[in-house]
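Okay, structure first, notes after.
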Amino acid sequence: MRGIAGLPVVDHHCHLSPAGDGARAAERFRAAGGTHLFVATQNYEPAVPTDVDGYRRQFEVTERLAREVREATGVQTYLVVAPYPIDLLRASETLGLAGGLDLQQRALDLAGRWVRERRAVALGEVGWPHFPLDAPVAAAAQAAFGHALEVARDVGCPAVVHSPDLDAEGWRQLEEAGRRCGLAPDRIVKHYARARRDPTGAAGAVPSYLARRDLVRAVLHDPGPWFLETDFLDDPARPGAVLDLATIPRRAAAIAAQGAGEAERLAVPFVRSVEQVYGFRPEVPGA
Ligand SMILES: [Zn+2]
2 MRGIAGLPVV
12 DHHCHLSPAG
22 DGARAAERFR
32 AAGGTHLFVA
42 TQNYEPAVPT
52 DVDGYRRQFE
62 VTERLAREVR
72 EATGVQTYLV
82 VAPYPIDLLR
92 ASETLGLAGG
102 LDLQQRALDL
112 AGRWVRERRA
122 VALGEVGWPH
132 FPLDAPVAAA
142 AQAAFGHALE
152 VARDVGCPAV
162 VHSPDLDAEG
172 WRQLEEAGRR
182 CGLAPDRIVK
192 HYARARRDPT
202 GAAGAVPSYL
212 ARRDLVRAVL
222 HDPGPWFLET
232 DFLDDPARPG
242 AVLDLATIPR
252 RAAAIAAQGA
262 GEAERLAVPF
272 VRSVEQVYGF
282 RPEVPGA
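Residue 268 in this note's numbering sits at position 267 of the sequence shown, with consecutive numbering throughout.
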């Protein structure tokens, strides 16, 4: 475990799969200087879960993969669990819309218990599909998201949001949804943020930026909180998508090479934002 410039190197959102590279992908991350991974659950089977037990088994696979990564590489892992918002659509084909919504809510309750038991650090991905929906389905998706925010509030953890790209009004609505249920804006993280959010508003929901080179450069001097992520999918059909797991340590090393002032900026996504949003501090042993 080495980190970069004395700092931990954190990928705030990735997935691992038993069918993919798993711990080998984490080895690429570690070899490039990476130290901490937030691992979000995903479907590992062709069909979406149709009962809570299906989600329990899914979360257990994520937990096992994260443990394998820690044991094989020494990379620290944090679990993020929730029923994927888009599962609602396919589950509703067999359960009906009301049954699909009920399953989302009960699986969110399960995810909340995992946070309470400290098996997970956040709910994610929660939110709503990134494509247009019929009105009744859109309403059910928003009801599921509302429940996710309530669970996050009750267990005291962040909600990691999957949604369409947000404009200024979209960010404002997201923050408003949190406030309505008593969840502070800095407990709401928009994952897969693909454009810089104007930081002048401050005290808003938190972008987790896709770590493309130009975007990292554009946001580096913004005040936190903000994160960097690859949204690595570990899907053998899409190798290296969305970005490879080695991306963030490589970007961090390139920034650190520009001098101490630039390197210091990396403390925003890798240390201070984690502390503010999650309430713990990633440490590099021996640094
Ligand atoms: Zn994801």
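Even glycine gets a Cβ: it sits at the ideal position worked out from N, Cα and C.
Quiz item: At what residue ranges does the stretch 46 to 109 contain a whole run of the alpha helix (DSSP H), taking only runs of 4 or more?
Solution: 53 to 74
Practice problem: Please say whether ALA123 and PRO159 have beta carbons closer to each other than 7 Å? | Solution: As a first step, residue 159 is located in the sequence shown; it is residue number 158 there, counting from the start. As a first step, residue 123 is located in the sequence shown; it is residue number 122 there, counting from the start. Yes, Cβ-Cβ distance for PRO159 and ALA123 is below 7 Å.
Quiz item: Taking the continuous beta strand (DSSP E) assigned at GLU126, which residues delimit it?
Solution: As a working mapping, residue 126 is identified with position 125 in the sequence shown. Unbroken beta strand (DSSP E) run through GLU126: 123 to 128.
Quiz item: When you compare only the Cα positions, how much space is there between VAL289 and GLU118?
Solution: Given that the chain is displayed from residue 2 to residue 288, the structure contains no residue 289 and the question cannot be resolved.
Quiz item: For GLU151, which three-state DSSP category applies?
Solution: For the purposes of this step, residue 151 is identified with residue 150 of the sequence shown, where counting begins at 1. DSSP places GLU151 in helix when its eight states are reduced to three.
Quiz item: Does DSSP put SER297 in a helix, a strand or coil?
Solution: With the chain running from 2 to 288 in the structure shown, residue 297 is simply not present.
Quiz item: beta strand (DSSP E) containing ILE189: first to last residue?
Solution: Against the sequence shown, residue 189 aligns to sequence position 188. Segment 189 to 194, the beta strand (DSSP E) holding ILE189.
Quiz item: Cβ of THR74 within 7 Å of Cβ of GLU28?
Solution: Working through the sequence shown from its first residue, we reach residue 74 at position 73. Working through the sequence shown from its first residue, we reach residue 28 at position 27. In contact: THR74 and GLU28 (Cβ atoms closer than 7 Å).
Quiz item: For the putative contact between ALA313 and VAL81, defined by C-beta atoms under 8 Å, what is the C-beta separation to the nearest angstrom?
Solution: Outside the displayed range of the chain (2 to 288) lies residue 313, so it cannot be described from this structure.
Quiz item: Terminal residues of the continuous beta strand (DSSP E) containing VAL217?
Solution: One-based indexing of the sequence shown puts residue 217 at position 216. Element bounds for VAL217: not the beta strand (DSSP E) but the alpha helix (DSSP H), 214 to 220.
Exercise. Kindly say whether GLN174, judged by its beta-carbon, lies nearer than 7 Å to any beta-carbon of chain B.
Key: No chain B is part of this structure, which consists of one protein chain only.
Quiz item: What does DSSP give as the partner residues of SER209 in its beta bridges?
Solution: To locate residue 209, count along the sequence shown from 1; it is residue 208. DSSP output for SER209 lists PHE228 as bridge partner(s).
Quiz item: In chain order, what residues of the same chain have a beta carbon less than 6 Å from the beta carbon of THR36, not counting five sequence neighbours either side?
Solution: Indexing the sequence shown from 1 puts residue 36 at position 35. Result list for THR36: MET2, GLY4, PRO9, VAL10, VAL285, in chain order.
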